[in-house]
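In my numbering, the protein residues as written are 145 to 388.
This is how it looks when you write it as C-alpha cells:
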C-alpha cells in the first residue's frame, strides 16, 4: 500500500485532531471558560454588541494573515450554539458568517494575485500554499470544496487561487457555492447538537473514538482499493519441454 497516498487520505481526520488539540491547549493556556459558562458569555456578548461582531470576526477569521494563527470555525461554532433553539437566529448567523467568509476569502485571493502572499511564506505558510496550488491546478472546484470545510485551509486555498490567477468570477462562484453548502452543514450539525457540540471541541472521550473509527474505515477502504488494483500473479506457462 502506498504510504504517501494513505497519509493523503487520512489528512482530514488527522487535521481535525490537530485543530482540536489546538483548541484545548489554547483554552487551557489562556484559562478561558468552557461549557455553559462559555455559552453564557458568548450569548451575552452577541446580545450586547449585536451580530455585526459576528460579521467582523468572520472576516478576520477567514483572513489568511490572521486566521491561520487561531483555530478556524470558532465564529460559526459558538455563534450557532449561542442562538440555542432560535432557528431564525441560527439561519441569520449562518448567513452573516457566509457573507463574512466570502469577503475574507476574496481578500485572500487578492493577496495571492498581487504578490502579497510572499510575505506569508516568511510566516511558515510556503509549503501549505504550494500544496493548495497543486490541487487547484488539477481541478479548482474540487480543491475548493475539499478545503472549505475548515476556515484556515480555505483561506490558504483562496490565496493559492489568486497566485494562479484563476478567473475571479469563476473563483468567486465556486467559492460561494462551497462555503454556503459547508456552512449550512456546519450550522445544522451544531444546531442539532446544541451545547453538546462543545464536547467535540474539548472532550477527548468523544474525539478519539470518532476519529479512530473514521481512520479505520479509510484504511480498510484504501486496502480494498489496493487489493483490487494489484494485478494477480500469472500462473507459470508450461512449455512443450516441461511436458512428459
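No residue lacks a Cβ here, since even glycine has one placed at the ideal position from N, Cα and C.
{"Item": "Residue 205, enclosing alpha helix (DSSP H) - first and last residue", "Value": "196-205"}
{"Item": "Contact set for residue 226: own chain, Cβ-Cβ below 7 Å, skip 5 residues either direction", "Value": "183, 186, 187, 190"}
{"Item": "Stretch pair the stretch 191-210 + the stretch 312-319: three plus CB contacts closer than 8 Å", "Value": "no"}
{"Item": "Among 252, 241, 327, nearest to residue 308 - alpha-carbon criterion", "Value": "252"}
{"Item": "Local Cβ density within 10 Å of residue 278, reported as buried at 16 or more and exposed below that", "Value": "exposed"}
{"Item": "Residue 234 burial status per 10 Å Cβ neighbour count (16 or more: buried)", "Value": "buried"}
{"Item": "Cβ neighbours of residue 276 in the same chain (closer than 6 Å, five flanking residues each side left out)", "Value": "300, 301, 304"}
{"Item": "Nearest residue (CA-CA) to residue 291, options 195, 322, 192", "Value": "322"}
{"Item": "Coarse secondary structure for residue 331, derived from DSSP in three states", "Value": "helix"}
{"Item": "With 16 other Cβ atoms within 10 Å as the buried cut-off, status of residue 296", "Value": "buried"}
{"Item": "For residue 293, three-class secondary structure by DSSP", "Value": "coil"}
{"Item": "Check whether residue 198 and residue 219 have beta carbons under 8 Å apart", "Value": "yes"}
{"Item": "Test item: CB-CB of residue 95 and residue 241 under 8 Å", "Value": "With the chain represented from 145 up to 388, any question about residue 95 goes unanswered, as that position is not in the structure."}
{"Item": "Expected contact under 8 Å - CB spacing of residue 334 and residue 161 to nearest Å", "Value": "Their Cβ separation, rounded to whole angstroms, is 19 Å, which puts residue 334 and residue 161 out of contact at 8 Å."}
{"Item": "Outcome for residue 258 when other beta-carbon atoms lying within 10 angstroms are tallied against a minimum of 16", "Value": "exposed"}
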